[in-house]
Every structure is written in C-alpha cells, then in structure tokens.
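In the working numbering, the protein residues as written are 13 to 348. Glycine residues also receive a C-beta, built at the ideal position from the N, C-alpha and C atoms. What you are looking at is a predicted structure, and each value in this text was computed from that prediction instead of being measured. First the structure, in the form of structure tokens, and then the observations on it.
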Amino acid sequence: MIIMSSWSPELGLKVYGLAASALIGALLFLILLIRLFTYFTLGVCKSQKKMNGKVVIVTGANSGIGKETAMDMARRGARVIMACRNLESGSKVRSQIILETKNPNVILMKLDLSNLNSVREFAAEVNQSEKRLDVLIHNAGMANTFSKQTTMDGLEITMATNQYGPFLLTHLLIDLLKKTAPSRIVIVASELYRFAKLNLDNPNPVNTLPAYLYYVSKYANIMFTLELARRLKGTGVTANCIHPGMIDSGIWRNVPFPLNLPLKLIVKGFFKSPKEGAQTTIYCAVSEEVEGISGKYFLDCKENGLSEGIQDMAKNKKYWEICEELVHLKATDPKI
Ligand SMILES: NC(=O)c1ccc[n+]([C@@H]2O[C@H](COP(=O)([O-])OP(=O)(O)OC[C@H]3O[C@@H](n4cnc5c(N)ncnc54)[C@H](OP(=O)(O)O)[C@@H]3O)[C@@H](O)[C@H]2O)c1
C-alpha cells in the first residue's frame, strides 16, 4: 500500500531506466565473456617457418581470410599467386601486401571458379609460368541466400564455386604439386557441414534453397578432401581441410535486409577477425607439425573429429566419380 501510494510517473521512468541499464550491462558482460573465451581458445599458428623459394597459390586472396593468408605467405618469403576473379580489388590488395611485407614476388592472376573455362585458363597459365607449386590453398568461397543461379556450365553456382571449380583446378595442377613434393593442398571447409547431407542423386541441386547449399558445398569439400588424400597416398602431396571459425568477413554480404541487421550485430559482437580466421589455414600450409599428415580436418590449429557419415569412403569415391563427370574431365587431363 505504501509502495503503491508513493508510485509516480517519474519513479516509473527511473525503474524502467534502471532495468534497461541492467539488461544492457548484462548483455555487454555476456559479449565480453564470449569474446574472452574466443580470445583464449583461439588457435594461432606459431610456426616461424620461412617460405623463401616456395610457390603458394591462394584462391580468393583479395579479401577476408584469403587476403590475410596471402599476406602471411608473402611475409614468410613465398612467391604468392593471388588467384582472384576481381582483378581491380585484387590489384589494390597486391600492392598493399607488397608494401607491408616488402616482398615484391606477389603475382595476381585471373580465376573465376564458377566458370570451368576460367579454371582451365588459370591452370594453363600457372603450369606455363611456374616450375613448382608447394602449397595450393582452396580458400575462395561464396554463399547465396535466396537467389538461385546457374553458371554457364549449367552448374548451381554455390556448388560450382565452392566445390566443382576447386575439384577441376586440383586435377589441372596436380602434376606440378607432385613434381614439387613434399607439397600441400589446404581446403577451407566449414563446421556448418554438420547441418547438411549430400544427395548423390542430386549433385547439381539447381532447385534447392541456395542458403542450404552453402552447407552442402562445405560437406562436399570434406568428402573431396578425404578421397583426395586417399588417392594421393605415397605421392608426397598431402590434402587437409579446415574450419576457420566464424569470421567477420565478406561471406555474409548476400544476406538480405532485414535478416542482415541482427546478423551484423552477431558478426561484429562475436566473430573472429579475418587475421584470426586465417590461422588454421596458415598452420596447415606451413607448420612442421602437419608434415606428412593428410586427410584430416583442422580447427583452431588442431586436428578435429568428423561426423561418421562423412567418412563413408565408398560414398566419397562415388561422389568423386560424379564430380569428374560434372566438370567434364577430359581423357587428356591428369587423373588423380
Ligand atoms: N566467414 C566465415 O565465418 C567462414 C566460416 C567458415 C568457412 N569460411 C570459408 O572461408 C573462405 C573464405 O571466405 P571469407 O570468410 O574470407 O569470405 P570473403 O571475404 O567473402 O572471401 C571470399 C573470397 O572468395 C572469392 N570468390 C568468391 N567467388 C569466387 C569465384 N567464383 N571465383 C574466384 N573467387 C571467388 C571472393 O572474391 P570477390 O571479392 O570477387 O567476391 C573473395 O575473395 C570461404 O571458402 C568460406 O566458405 C568462412
């Protein structure tokens, strides 16, 4: 009764104000805790290995994780081939890398992974200009949300960019990698594969919701890595895949309004920076600890387990054969 009688609009405002401040404070504290957790569990590549005299290809090196990976490789002294579809932004990033690392041996080449012809042209140029290839980093990737797109080759665009282009490119560069052995292939996959399944009866899912196909393409990346590693046994070429963590990068650019608004908050509040996100790729590309290791999945610079389903090697072999057909592998192309 006493409380009720002393209640006033001013007091009500004060109470609401206090409650709102407490809520915001609790939220900020939660963000701080999560950021601290991310900071302390973050995998960092501690290898000091120099890469002088070595040649490294990084696809999608003009932004995000790829840019940071290329920067690191250049800093270690490698000859870095930036394989990019956007030569304008690629050229700016190349200049920045050269300026920051003082390594002029950074080359920019055109590669559109969603176009099989472009993949062939890029590979032909590399095979002609390079005497060796020490590390091939399949970093480039894209994610669509709702807009369905089919490439000139009749392939669904997310699967073409994230899986079929890299599959063909690996074939066309495999002889150079074998010649340079010990050499490494690193494939940037994602933990999001756990939300997907790959239907062998529909490997080119032009009518499926594109947002889901990002997960499927990352599932495909891991199946590809496992079968690739199996086929490369004894050649001195290793193949591993990684999850970089959730990163504040351009990969989220196709999320439409208004879904992009809460997403932006989450990305800015909780996700890793591209430099942090590049650590596991760098680790697999250079670390002495990974020497000779093949067919594994890494996360935060540590080997990580995979779901049972994705390790069905009979299914992975069958998928490999389907990929060969989808990319129109020719009799004259190298076989793996
Ligand atoms: N960000 C994350 O949270 C996260 C999580 C797990 C895995 N990943 C993976 O990490 C990799 C790097 O992505 P990111 O996060 O750094 O995103 P990003 O900043 O968007 O970088 C993606 C790169 O791929 C390139 N690319 C896209 N389509 C291409 C094509 N058709 N041909 C050649 N290059 C193409 C982009 O070039 P343009 O600039 O021309 O578009 C860009 O350089 C991707 O494989 C992604 O799936 C990311």
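Could you tell me whether the region 142 to 155 touches the region 287 to 299, where touching means 3 or more Cβ pairs closer than 8 Å? Cβ pair count under 8 Å is three or more, so yes.
For ligand 1, any of its heavy atoms closer than 7 Å to the Cβ of Thr173? Because some heavy atom of ligand 1 lies under 7 Å away, the Cβ of Thr173 counts as near it: yes.
Option nearest Val70 by Cα separation, candidates Glu239, Leu181, Ser159: Selected option, being the one with the closest Cα: Leu181.
Per DSSP, what kind of secondary structure is Met94 in: helix, strand or coil? Of the three classes helix, strand and coil, the one that applies to Met94 here is strand, per DSSP.
Less than 7 Å between the CB of Arg87 and some heavy atom of ligand 1, yes or no? False, no ligand heavy atom lies under 7 Å from that Cβ.
What separation, rounded to the nearest whole angstrom, lies between the Cα atoms of Val200 and Val218? When rounded, the separation of the alpha-carbon atoms in Val200 and Val218 is 23 Å.
Opening and closing residue of the beta strand (DSSP E) in which Ser141 lies: Note, Ser141: premise wrong, no beta strand (DSSP E); alpha helix (DSSP H) at 128 to 141.
CA-to-CA distance, Ser285 to Ala34, given in whole angstroms: C-alpha of Ala34 to C-alpha of Ser285: approximately 29 Å in a straight line.
The beta strand (DSSP E) with Leu148 in it runs from where to where? That run of the beta strand (DSSP E) goes 147 to 150.
What's the C-alpha gap between Gly102 and Lys79? Using only the alpha carbons, I get a separation of about 9 Å.
Span separating the alpha-carbon of Pro427 from that of Met171: Since the first and last residues shown for the chain are 13 and 348, residue 427 lies out of range.
8 Å contact criterion, which Asn328 and Glu239 should meet: CB distance rounded: With 8 Å as the limit, Asn328 and Glu239 qualify as a contact, their Cβ atoms being about 4 Å apart.
Exposed or buried, what is Ile178 when buried is set at 16 or more other beta-carbons lying within 10 Å of its beta-carbon? Note on residue identity: the sequence assigns Pro, not Ile, to residue 178. Answer is buried; the Cβ neighbour count reaches 16.
If the criterion is Cβ atoms closer than 8 Å, does the pair Ile197 and Leu210 meet it? Taking 8 Å as the Cβ cut-off, Ile197 and Leu210 do not qualify as a contacting pair.
What's the gap between the Cα of Pro270 and the Cα of Val118? Each residue's alpha carbon lies about 39 Å from the other.
Roughly how many angstroms lie between the CA atoms of Tyr231 and Ala86, to the nearest whole one? Taking the straight line joining both Cα atoms gives about 30 Å.
Taking the beta carbon of Ile234 as the centre, do at least 16 other beta carbons fall within 10 Å, making it buried, or is it exposed? Buried, by the Cβ-count rule.
Under 6 Å Cβ to Cβ from Lys66, same chain only, skipping five residues before and after it: list those, please. Closer than 6 Å at Cβ, skipping near neighbours: Ala90, Asp146.
Assuming Glu315 is part of the alpha helix (DSSP H), what are its boundary residues? It is not in any alpha helix (DSSP H) - Glu315 instead sits in the beta strand (DSSP E) that spans 314 to 316.
Local conformation of Ala32 per DSSP, three classes: In the three-state reduction of the DSSP assignment, Ala32 falls in the helix class, which pools H, G and I.
Take the Cβ of Ile36 as the centre, count every other Cβ of all protein chains shown within 10 Å, and call the residue buried at 16 or more, exposed below. Ile36 is exposed by the Cβ-count criterion.
Given 7 Å as the limit, tell me if His255 has its C-beta closer than that to any heavy atom belonging to ligand 1. Checking every heavy atom of ligand 1 against the Cβ of His255, one is found closer than 7 Å.
Under 7 Å Cβ to Cβ from Ser367, same chain only, skipping five residues before and after it: list those, please. Residue numbering for the chain in the displayed model covers 13 to 348; residue 367 lies beyond these limits and cannot be assessed.
Beta-carbon within less than 8 Å of Asn139's beta-carbon, same chain only, minus the 5 sequence neighbours each way: which residues are those? The beta carbon of Asn139 sits closer than 8 Å to those of Leu184, Leu185, Asp187, Leu188, all from its chain and outside the five residues before and after it, given in chain order.
Using DSSP with H/G/I as helix, E/B as strand and the rest coil, what is Ser75? The answer is coil: DSSP assigns Ser75 none of H, G, I, E or B.
So Gly248 and Ser299 are in contact, right, with Cβ under 8 Å, and what is the actual spacing, rounded? Your pair Gly248 and Ser299 does not check out as a contact, with CB atoms roughly 17 Å apart and the cut at 8 Å.
Any heavy atom of ligand 1 closer than 7 Å to the Cβ of Arg206? No - ligand 1 has no heavy atom lying nearer than 7 Å to the Cβ of Arg206.
Going by Cα to Cα distance, which pick from Gln108, Arg88, Leu42 is closest to Ala73? Among Gln108, Arg88, Leu42, the Cα nearest to that of Ala73 is on Gln108.
Spatial neighbours of Lys308 in its chain, beta-carbon cut-off 6 Å, leaving aside the 5 residues before and after: Cβ neighbours of Lys308 beyond the five flanking positions: Asn252, Glu315.
Quick check: the Cα distance between Glu262 and Leu23, rounded to an integer number of angstroms? One point to set straight first is that residue 262 is Gly, not Glu, in the sequence displayed. For Gly262 and Leu23, the distance between alpha carbons rounds to 47 Å.
Applying the criterion that 16 or more other CB atoms from any shown protein chain within 10 Å of the CB defines a buried residue, is Ser306 buried or exposed? Burial call: buried.
Kindly list the residues whose CB is nearer than 8 Å to the CB of Asn98, restricted to its own chain and excluding five residues on each side of it in sequence; keep chain order. These residues qualify, in order along the chain: Asn74.
Own chain, CB closer than 8 Å to Pro268, minus 5 neighbours either side, in chain order: Close CB contacts of Pro268 within its chain, under the 8 Å cut and outside five residues either way in sequence, are with Thr157, Phe158 (chain order).
How long is the line joining the alpha carbons of Phe283 and Ser20, rounded to whole angstroms? Annotation: Phe283 to Ser20 spans about 44 Å, alpha carbon to alpha carbon.
Since Lys61 contacts Arg88 with CB under 8 Å, what's their CB separation in whole angstroms? Confirmed, about 7 Å.
Close-in-space but distant-in-sequence residues of the same chain around Met13 (CB under 6 Å, 5 per side omitted): Caution is warranted here: a pLDDT of 46 is assigned to Met13, below 50, making its placement in the model unreliable, and the coordinate value is therefore given only provisionally. Counting only Cβ-Cβ distances below 6 Å, and skipping sequence neighbours, we find nothing.
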